[in-house]
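Asker: Below is a structure I'd like to ask you about.
In this note's numbering, the protein residues as written are 47 to 144.
What follows is the structure, given as structure tokens:
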């Protein structure tokens, strides 16, 4: 399932460069996602889109997902352009996806 439009809380983030480049977020229905926007050496910049990973609904999946992400255990379900996320003023609390 791709990332649906709506409001998202940022539960935690890592790799902040201008904005979070790796985020653990929850949507309005409390579904959890990981968004990552890796650095692209060929561009010498971060990618223009986030890869969207789903965490599922199992309680086991609700623990911090960083290790699962690093091991490639979170399925990629789509992408979303970085420009499509409208962050709060701090870039650290929430965003809205239209």
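Note that beta-carbon positions come from the ideal geometry of N, C-alpha and C, so glycine has one too.
1. Would you check if the distance between the CB atom of residue 67 and the CB atom of residue 84 is smaller than 9 Å?
2. Taking the runs of the beta strand (DSSP E) that are 3 residues or longer, which of them lie wholly in the stretch 66-111?
3. For residue 58, which of helix, strand or coil comes out of DSSP?
4. Quick one, which of 78, 57 and 52 has its alpha-carbon nearest residue 98's?
5. Would you decide whether residue 70 is buried or exposed? Buried here means 16 or more other CB atoms lie within 10 Å of its CB.
6. Between the alpha carbons of residue 135 and residue 115, how many angstroms are there, rounded?
7. Considering just the uninterrupted stretch of the beta strand (DSSP E) at residue 123, what are its terminal residues?
8. Using a Cβ-Cβ cutoff of less than 7 Å, which residues in the same chain neighbour residue 48 once the five nearest sequence positions on both sides are dropped?
Answerer: According to the structure data:
1. Position 21 of the chain shown, counting from 1, holds the residue named residue 67. Position 38 of the chain shown, counting from 1, holds the residue named residue 84. Their beta carbons are under 9 Å apart, which means residue 67 touches residue 84 by this criterion.
2. 78-82 and 95-100
3. In the chain shown, the residue the question calls residue 58 occupies position 12. Per DSSP, reduced to three states, the secondary structure at residue 58 is strand.
4. Position 52 of the chain shown, counted from the first residue, corresponds to residue 98. It is 78 whose Cα lies nearest to the Cα of residue 98.
5. Your numbering for residue 70 matches position 24 in the chain shown. Under this definition residue 70 is a buried residue.
6. Along the chain shown, read from residue 1 onward, the residue named residue 135 stands at position 89. Along the chain shown, read from residue 1 onward, the residue named residue 115 stands at position 69. Rounded to the nearest angstrom, the two C-alpha atoms are 27 Å apart.
7. Residue mapping note: residue 123 aligns to position 77 of the chain shown, counting from 1. For residue 123, the enclosing beta strand (DSSP E) begins and ends at 122-127.
8. To locate residue 48, count along the chain shown from 1; it is residue 2. Counting only Cβ-Cβ distances below 7 Å, and skipping sequence neighbours, we find 98, 123 and 124.
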